[in-house]
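Participant: Residue numbers (the UniProt record's numbering): 1 to 370.
All C-beta atoms in this analysis are idealised placements derived from N, C-alpha and C, irrespective of residue type, glycine included.
Printed below as a string of structure tokens:
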């Protein structure tokens, strides 16, 4: 048995598991997934140490009073160590696959080292991230002639009255896109109100933050251009609409500094907390872009499969992730900033209704898929 190989495997496994701390805020990680991987690694480590200790006691201390009295027991210890070596190799291979998945939604954070990076530097990092992950894969699949989900939807023969299953699949996918897009856009409304309520700043300052967010979202396009992305273009239109609405409502907001019935409370939203909220939202924007605009399909799918995908996206891909974003916003709103929407001024309630109606209209009344 090669002691050096055992040591190298153990060292590599432990190092990799520590590195996985960097992915705990990745949008690809399930709740508690990294902790479970690290716990399994520690169990393998414990089993290895226990068996090496037994082997050391039997074989590596000739001056010991203990004798090798049971060859079968010794062989069993050696076999256990060999089995642990195989388990560690498999675990390292599995970690490699996990890391590839974790990296794809491990969007860089703008707030790092206790400071908020300048927009141009952050945009550069975002583009580098996209080029090394999603855009690289997108270019490879486009070269193979693959289609994205939106393109498959457009290939469904909707003019054929007998193709009821096709119409059903198309409608289900479109409704899923609009449902998910509306939910993510609602998070953007929540972000607007966190800024308005917490900063007590003029509408122009809030509009500037939204303008920067628009630039960030534009970086998440899989093919480097918004016009080719239905999902991304809708989200960008949404942010542009928010900016215009703030410009129209701004004078009223600036004259109404009181945001709750208390009247004189001053709220504060730090750069770190703001980035924490934004980071969770843009991960879901990217997930929406990938789900509908990533060319992953080499051929047309059956209507049954397309319909199943519509349910899979809502129930399996997004449900848990969107709930997490909702929880993040709730915690920040209720416990950090400490305000309820019922306590908003009349002007802010009006603005919230305008933004909500705009979100509904942009996702349901416009139909750029056909």
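If we require 4 or more residues per run, which alpha helix (DSSP H) segments fall completely within the region 277–345?
Facilitator: 303–312, 319–331
Participant: Please return the same chain residues whose Cβ sits closer than 6 Å to the Cβ of residue 328, not counting the five positions on each side in sequence.
Facilitator: The sequence position of residue 328 within the chain shown is 328, counting from 1. Result list for residue 328: 280, in chain order.
Participant: Can you check which of these residues, 22, 167, 82, 320, is closest to residue 31 by C-alpha distance?
Facilitator: Locating residue 31 in the chain shown gives position 31, counting from the first residue. Comparing Cα-Cα distances from residue 31 to each of 22, 167, 82, 320, the minimum goes to 320.
Participant: For residue 90, count the other beta carbons within 10 Å of its own beta carbon; 16 or more makes it buried, fewer makes it exposed. Which is it?
Facilitator: Taking the chain shown and counting its residues from 1, one reaches residue 90 at position 90. The residue in question, residue 90, is exposed, as its Cβ has fewer than 16 Cβ neighbours within 10 Å.
Participant: Determine whether the beta carbon atoms of residue 92 and residue 12 lie at a separation below 8 Å.
Facilitator: Position 92 of the chain shown, counting from 1, holds the residue named residue 92. Position 12 of the chain shown, counting from 1, holds the residue named residue 12. It is a contact, given that the beta carbons lie within the stated cut-off.
Participant: What span of residues does the alpha helix (DSSP H) with residue 218 cover, start to end?
Facilitator: Here the question's residue 218 lines up with position 218 in the chain shown. It spans 203–218 - the alpha helix (DSSP H) in which residue 218 sits, taken as one unbroken run.
Participant: Taking only the alpha-carbon atoms, compute the straight-line gap between residue 342 and residue 198 and give it to the nearest angstrom.
Facilitator: For the purposes of this step, residue 342 is identified with residue 342 of the chain shown, where counting begins at 1. For the purposes of this step, residue 198 is identified with residue 198 of the chain shown, where counting begins at 1. Going from the Cα of residue 342 to the Cα of residue 198 covers about 16 Å.
Participant: Can you tell me where the alpha helix (DSSP H) holding residue 121 begins and where it ends?
Facilitator: Against the chain shown, residue 121 aligns to sequence position 121. Looking at the DSSP string, the run of the alpha helix (DSSP H) that includes residue 121 is 119–132.
Participant: Starting from residue 150 and walking both ways along the alpha helix (DSSP H), at which residues does that stretch end?
Facilitator: Indexing the chain shown from 1 puts residue 150 at position 150. Per DSSP, residue 150 belongs to the alpha helix (DSSP H) from 149–155.
Participant: Among 313, 141, 155, which has the Cα closest to the Cα of residue 172?
Facilitator: As a first step, residue 172 is located in the chain shown; it is residue number 172 there, counting from the start. The candidate whose alpha carbon is nearest that of residue 172 is 313.
Participant: With DSSP as the reference, label residue 111 as helix, strand or coil.
Facilitator: The residue labelled residue 111 in the question sits at position 111 within the chain shown. Correct three-state label for residue 111: strand.
Participant: I'd like to confirm the pairing. Which residues does DSSP put opposite residue 11 in its beta bridges?
Facilitator: Counting from one through the chain shown, the residue named residue 11 turns up at place 11. In DSSP, residue 11 forms no bridge with anything.
Participant: Just grab the DSSP bridge partners of residue 116 for me.
Facilitator: The count along the chain shown starts at 1 and reaches residue 116 at position 116. Residue 116 pairs with 111.
Participant: Determine the burial state of residue 295: buried for a count of at least 16 other Cβ atoms within 10 Å of its Cβ, exposed for fewer.
Facilitator: To locate residue 295, count along the chain shown from 1; it is residue 295. Classified as buried, residue 295 has 16 or more neighbouring CB atoms from the shown chains inside 10 Å of its CB.
Participant: Between the C-alpha atoms of residue 358 and residue 185, what's the straight-line distance to the nearest angstrom?
Facilitator: Translated into positions along the chain shown, residue 358 becomes position 358. Translated into positions along the chain shown, residue 185 becomes position 185. Approximately 10 Å, taken between the alpha carbons.
Participant: In three-state terms, what does DSSP make of residue 25?
Facilitator: Here residue 25 refers to the residue found at position 25 when the chain shown is read from its first residue. Residue 25 falls in the coil class under three-state DSSP.
Participant: Could you tell me the distance, in whole angstroms, from the CA atom of residue 111 to the CA atom of residue 120?
Facilitator: Counting from one through the chain shown, the residue named residue 111 turns up at place 111. Counting from one through the chain shown, the residue named residue 120 turns up at place 120. Those two C-alpha atoms are separated by around 13 Å.
Participant: Is the beta carbon of residue 232 less than 8 Å from the beta carbon of residue 221?
Facilitator: Counted from its first residue, the chain shown places residue 232 at position 232. Counted from its first residue, the chain shown places residue 221 at position 221. Yes, the Cβ-Cβ distance between residue 232 and residue 221 is below 8 Å.
Participant: How about the region 300–319 and the region 157–173: do they share at least three Cβ pairs that are nearer than 8 Å?
Facilitator: yes
Participant: May I have the straight-line CA-CA distance separating residue 261 from residue 346, to the nearest angstrom?
Facilitator: Position 261 of the chain shown holds residue 261. Position 346 of the chain shown holds residue 346. The predicted model places residue 261 with a pLDDT of 45, which falls under 50 and marks its position as unreliable, so this point remains unresolved.
Participant: Here's a check: name, in chain order, each residue in its chain whose Cβ is nearer than 8 Å to the Cβ of residue 326, leaving out the five neighbours to either side.
Facilitator: Sequence index remark: in the chain shown, residue 326 carries index 326 (1-based). 187, listed in sequence order.
Participant: Indicate the three-state DSSP secondary structure (helix, strand or coil) for residue 106 in the structure shown.
Facilitator: For the purposes of this step, residue 106 is identified with residue 106 of the chain shown, where counting begins at 1. The answer is coil: DSSP assigns residue 106 none of H, G, I, E or B.
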